[in-house]
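Notes to accompany the following structure.
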Amino acid sequence: METRGEAERRDRLEDALALDDGTRVAFRTVSPCDAWALQRLHARCSERSVELRFHGPLRELSDAKAALLSRAEDGDRPAFAALDPDGGDEIAAVVRFEREEGGEAAEYAALVEDRWQGRGLGRALTERLVEGARGRGVRCLYALVTPGNERMVRLLRGLGLPTRKGQEGGAERLEVDLGGPGGPVDGAPGE
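The sequence shown maps to residues 1 to 191 in the UniProt record's numbering.
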């Protein structure tokens, strides 16, 4: 028998993403009933993946942090989760943005389970998030990228949108202009 939480998650299925190898992966919006699934995703990721996402070590995703990250339903903090086709409700990847208060810019973040990295899942999910961001009036997505996180740099530059980079604290700030097609504007190739 299906629980209420399972029914809610099923009802929020958006569509399927096609990966580079032809695998189809369902995705949906994240909601508060996903807190535990986000904790399990975090636990399955390598220390390196977690450090790149959270800019330092994070042994476990606390209940409070998982609850915060799963409250993503309002228009200023949306998140999409890709579901592991072999794992029922297990989340294989999550992408999100958080709009700056009253602005047209939003911070972007992503976490992809290690065994799904390099298969196009992060890119496909991010492309859907970009569509949603544009629909909400976001003109610029930016990511604070940990030094050495070349996959994130390639992912954002590979969207085919103008990018520019700068520094913020100890991280590289990579901005993606959602206004239209183009390539990197900072002079670097769009890897």
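Yeah, the Cβ is synthetic: ideal placement off N, Cα and C, and Gly gets one too.
Quick check: the Cα distance between residue 50 and residue 93, rounded to an integer number of angstroms? 12 Å
If you follow the alpha helix (DSSP H) that residue 64 is part of, which residue opens it and which one closes it? Counted as a single uninterrupted DSSP element, the alpha helix (DSSP H) harbouring residue 64 occupies residues 63–70.
Compute the Euclidean distance between the alpha carbons of residue 72 and residue 109, then round it to the nearest angstrom. 13 Å
By Cβ distance, which residues of its chain are closer than 7 Å to residue 133, with the 5 residues on each side in sequence left out? 97, 106, 141 and 178
Sequence-distant residues of the same chain with beta carbon closer than 7 Å to residue 145, five excluded per side: Closer than 7 Å at Cβ, skipping near neighbours: 152, 153, 171, 172 and 174.
Let me make sure I understand the geometry here. Which of 120, 45 and 83 has the alpha-carbon closest to that of residue 22? Nearest in C-alpha terms to residue 22, of all of 120, 45 and 83, is 120.
Spatial neighbours of residue 61 within its chain, please: C-beta separation below 8 Å, excluding the five flanking residues on both sides. 38, 39, 42, 43 and 69
In whole angstroms, give me the CA-to-CA distance for residue 124 and residue 104. 23 Å
What number of angstroms, rounded off, separates the C-alpha of residue 34 from the C-alpha of residue 163? 32 Å
Let me know if residue 18 comes out buried or exposed under the rule of 16 or more other beta-carbons within 10 Å of its beta-carbon. exposed
Roughly how many angstroms separate the alpha carbons of residue 129 and residue 95, rounded to a whole number? 7 Å
How long is the line joining the alpha carbons of residue 20 and residue 32, rounded to whole angstroms? 30 Å
Alpha-carbon to alpha-carbon, residue 143 and residue 183: Low confidence applies to residue 183: its pLDDT is 46, below 50, so where it sits in the model is not reliable, and the reading given next is rough at best. One C-alpha to the other measures close to 17 Å.
How many angstroms separate the CA atom of residue 118 from the CA atom of residue 111? When the Cα atoms are used, residue 118 and residue 111 turn out to be separated by approximately 12 Å.
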